[in-house]
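Let me begin by presenting the structure, written as structure tokens, before commenting on it.
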Amino acid sequence: MPTSAFLQSLGITRPTAILDAVQARQNIRHMAQKAAQANIRFRPHFKTHQSAEIGQWFQTEGVTTITVSSFSMAHYFVEHGWQDITVAFPVNVREMDAINRLASQIQLGVLVESLATIDALQRGIQHPVQVWLEIDTGYHRTGLVWDDGDRILSLVRHLDSVEHLEFTGILTHTGQTYYARSRAEIQYLYQETTGRMQSIQDRLQQAGFSCQISIGDTPSCAVAGSFAGIDEIRPGNFVFYDQMMYQIGACRPDQLALAVACPVVGVYPERGQIVVYGGAVHLSKEALVETSGRAVFGYLQEIENGRLGRIAYDAPVISLSQEHGIIDVPPAMERKVTVGDIVLISPVHSCLTANLYPFYLTLTGENISRIR
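Residue numbers for the sequence shown, in my numbering: 3 to 374.
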């Protein structure tokens, strides 16, 4: 069945997040098995899918510990039975009430990177929490600079003296891997990160502190051949993957599990383009930059045998406004498209795209809800 006819059979009338549930579950199983074989804790980041039902797919693979990016997201997953959650975002001290509510219910982990945050927790925390010290190993977003050993040790010593704050270890997000251009570069950045984290661990252990290491990014976790010296991994994007992950070598095209269905509202043979009802508010404005320097916001994709299939890299989304998406298409493809057809777009960054929808529609027509 042609892609448009297949999508029309699902009753689609407006931009819709399409989920290949079979592929997503395979991605989950693969990463869970990789962690199990390495004998390390798998604490997947749920900010990508933000769905209780997809969370159950992780439970099927034996997952009991998770990561989220906010205390409100943690509350949502607590309501759905999760009891061991790390909020992998620097503590917002304005949410002390929420922190205490969660800490009274579950095993809660939080991130700190400053004496000011530790002091705020000391004044307000009423229940035990696990505390991870966030380390900047080169991404330069948040965290203590990895080679500032004196400051790191000083904060750990201070933590050790505060009631209810249980120093657990050091945590990092190697976000610089998202700018890599090959699997070899990802592997290099992963090894650089683990070396830096282990140097901190060595110093803390020499000072008498037990210290675990937690790493996070999907590219590193997908490419790494060994997790020696690592206690915990926290990838999130891998559940869906996306064009960004494929372009840097972190996955194969057939591992992509999320796309966006968009109705065609205009066909322009004279300029070799179609326009869809699917803009920045449906895809996000995350872009890839091709070798020509052109920004691309996704590519057309086909449905094959009831699954997400071939990606048309000769049909890129080259412009987005709020509701409009403009797609370059080759003549043979343009002649087959008419107004009212529904096309499928493989997005650049699945985390941001998924966040724009209240639910996923599977290829079998099932609605899977998300946190809203």
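Ideal Cβ placement from N, Cα and C applies to all residues, glycine included.
Query                                                                                                                                                                    : Result
Along the beta strand (DSSP E) that carries residue 272, what are the first and last residues, could you check?                                                          : Segment: none, residue 272 is in no beta strand (DSSP E) and carries neither H nor E.
Would you say residue 115 and residue 135 are within 8 Å of each other, going by their C-beta atoms?                                                                     : yes
Quick one, which of 13, 10, 15, 23 has its alpha-carbon nearest residue 309's?                                                                                           : 23
Measure the CB-CB distance between residue 231 and residue 250 and report whether it falls below 8 Å.                                                                    : no
Please name the residue, chosen from 85, 81, 80, 47, that lies closest to residue 71 on a Cα-to-Cα basis.                                                                : 47
What residues in its chain sit with their C-beta under 6 Å from that of residue 127, if we drop five residues either side in the sequence?                               : 166
Under 8 Å: do the stretch 183-200 and the stretch 139-150 share three or more Cβ pairs, one atom per stretch?                                                            : yes
For the 8 Å Cβ check, are there 3 or more pairs between the stretch 317-327 and the stretch 280-289?                                                                     : yes
Is the distance from the Cβ of residue 180 to the Cβ of residue 246 below 8 Å?                                                                                           : yes
What do you reckon, are the CB atoms on residue 10 and residue 370 nearer than 8 Å?                                                                                      : no
Alpha helix (DSSP H) containing residue 57: first to last residue?                                                                                                       : 54-62
So, do the stretch 260-280 and the stretch 338-356 have three or more beta carbon pairs nearer to each other than 8 Å?                                                   : yes
How close, in whole Å, do the beta carbons of residue 329 and residue 320 come, if the pair is a contact with beta carbons under 8 Å?                                    : 7 Å
Could you tell me which whole beta strand (DSSP E) segments of length 3 or greater appear in the stretch 201-231?                                                        : 214-217
For residue 156, is the classification buried or exposed, using 16 other Cβ atoms within 10 angstroms of its Cβ as the cut-off for buried?                               : exposed
Check for me: the alpha helix (DSSP H) holding residue 157 runs from which residue to which?                                                                             : 151-162
Sorted by chain position, which residues of the same chain lie with C-beta nearer than 8 Å to residue 361's C-beta, five sequence neighbours on each side aside?         : 19, 369, 370, 371, 372
From 259, 236, 224, 67, pick the residue whose C-alpha is nearest to that of residue 351; which is it?                                                                   : 259
For the stretch 238-293, list the beta strand (DSSP E) runs that are entirely contained and at least 3 residues long, ordered along the chain.                           : 260-270, 275-279
With 16 other CB atoms within 10 Å as the buried threshold, where does residue 117 fall?                                                                                 : exposed
Exposed or buried, residue 228, counting other C-beta atoms within 10 Å across all chains shown (16 or more means buried)?                                               : exposed
For residue 175, which residues from the same chain have a beta carbon less than 7 Å from its beta carbon, with the 5 sequence-adjacent residues on both sides left out? : 141, 218, 219
Go to residue 125, then tell me how far its alpha helix (DSSP H) extends in each direction, as first and last residue.                                                   : 117-126
Looking only at its chain, what residues have a beta carbon closer than 8 Å to the beta carbon of residue 77, apart from the 5 residues adjacent to it on each side?     : 100, 103, 104
Are the beta-carbon atoms belonging to residue 33 and residue 169 less than 8 Å from one another?                                                                        : no
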